[in-house]
Amino acid sequence: MRIDILHGDITTRPVDVIVNAANSSLLGGGGVDGAIHRAAGPELLEACRRLRRSELPDGLPVGAAVATPGFRLPARWVVHTVGPNRHAGQTDPALLASCFNESLKVATGLGARSVAFPAISAGIYGWDARQVAEVAFDAVRSFWSSPSAGAASGSPLELVEFVLFSEETTAVFRAEFEASPGPWT
Ligand code: AR6
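Structure, rendered in structure tokens:
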């Protein structure tokens, strides 16, 4: 499995899965969530409403993940996860690690070979980008080395991208990655 760190707009990525930094309502918001809903079209909101009416009447818990189709996006699927909100006192890195881990589980359950992540919780939810990068790389590494989900289980995953919207966050992710690069394969 390869890790790429890119500067850009996650809604343009031609991968199997893009991950959305959503909120528990799943009914849209600002930041990357708003951008994904705009690019996917109104069918995405309708799919999220259906999830709320069926399996998630109380919304998606922090650290959990759920999939919808990507509709008008180049990506085939969107995996929605809810990061911890530092402004609401959610400061436990295990919650953030769970977002990455659960998203990868859902993605590989769909047979995804490529997954793109944004910097979950590093925007409106107020986490420091460096801490998000550290947690993200650790979580991907643990996922990949776990016997039940990772390489040893015959996981189809070939590529994990981190797609960062600002130059600054991209530089932070690159520096953090270089500080702890592997092993990934
Ligand atoms: N592509 C990639 N990254 C992006 C994009 C994009 N198109 N747009 C923004 N980012 P945020 P959070 C970056 O605030 O902190 C929403 O209202 C952004 O610069 O989107 O988890 C939800 O509904 C930042 O680095 O997510 C929730 O209510 C990163 O994505 C709440 O915000 C995450 O910022 C979630 O807050």
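Take the sequence shown: its letters are residues 861 to 1045, numbered as in my numbering. All C-beta atoms in this analysis are idealised placements derived from N, C-alpha and C, irrespective of residue type, glycine included.
Segment limits, beta strand (DSSP E) that includes residue i
| i | result |
| --- | --- |
| Trp-937 | 937 to 942 |
| Arg-862 | 862 to 867 |
| Thr-1055 | Limits of the chain in this structure are 861 at one end and 1045 at the other, which puts residue 1055 out of reach. |
| Ser-974 | 974 to 977 |
| Val-995 | Per DSSP, Val-995 belongs to no beta strand (DSSP E); it is in the alpha helix (DSSP H), 989 to 1005. |
| Val-1020 | 1019 to 1024 |
Best match in the options for proximity to residue i [C-alpha to C-alpha]
| i | options | result |
| --- | --- | --- |
| Thr-968 | Gly-901, Glu-903, Arg-936 | Arg-936 |
| Ala-954 | Gly-891, Gly-971, Lys-965, Val-922 | Val-922 |
| Leu-1017 | Arg-1001, Arg-932, Val-926, Phe-931 | Arg-1001 |
| Arg-990 | Lys-965, Leu-956, Ser-1015 | Leu-956 |
| Arg-932 | Ile-896, Thr-941, Arg-912 | Ile-896 |
| Val-809 | Gly-986, Leu-905, Ser-981 | Absent from the structure is residue 809, since the part of the chain shown begins at 861 and ends at 1045. |
| Ser-963 | Trp-1004, Gly-894, Arg-909 | Trp-1004 |
| Arg-912 | Thr-928, Ala-979, Phe-1033 | Thr-928 |
| Asp-869 | Gln-950, Arg-898, Gly-1014 | Arg-898 |
| Val-992 | Phe-1033, Gly-888, Gly-889 | Phe-1033 |
| Val-995 | Ala-1009, Leu-905, Phe-1022 | Phe-1022 |
| Lys-965 | Asp-952, Asp-988, Ser-1015 | Ser-1015 |
| Trp-987 | Ala-1035, Gly-888, Gln-950 | Gln-950 |
| Pro-917 | Ile-865, Ala-925, Ser-885, Gly-930 | Ser-885 |
| Asn-880 | Val-939, Arg-909, Asp-864, Gly-919 | Val-939 |
First and last residue of the uninterrupted alpha helix (DSSP H) at residue i
| i | result |
| --- | --- |
| Ser-911 | First, the amino acid is wrong: residue 911 is Leu here, not Ser. Here the alpha helix (DSSP H) through Leu-911 covers 902 to 913. |
| Phe-1037 | 1027 to 1039 |
| Leu-964 | 953 to 969 |
Cβ neighbour criterion (16 or more within 10 Å) applied to residue i
| i | result |
| --- | --- |
| Pro-944 | buried |
| Arg-873 | buried |
| Thr-1045 | Below a pLDDT of 50, predicted positions are generally treated as unreliable, and Thr-1045, at 47, falls in that range; no measurement from the model is reported. |
| Gly-894 | exposed |
| Ala-979 | buried |
| Ala-948 | exposed |
| Ser-914 | exposed |
| Gly-901 | exposed |
Presumed contact (8 Å Cβ cut-off) between residue i and residue j, rounded CB distance
| i | j | result |
| --- | --- | --- |
| Val-877 | Leu-970 | 7 Å |
| Leu-905 | Leu-887 | 7 Å |
8 Å Cβ cutoff, residue i in contact with chain D
| i | result |
| --- | --- |
| Ser-963 | The displayed structure is made up of one protein chain only, and chain D is not part of it. |
Jot down the residue ranges of each uninterrupted beta strand (DSSP E) in the region 866 to 899, minimum 3 residues, whole runs only, in chain order. Taking only runs of at least 3 residues, the beta strand (DSSP E) segments lying wholly in the region 866 to 899 are 877 to 882.
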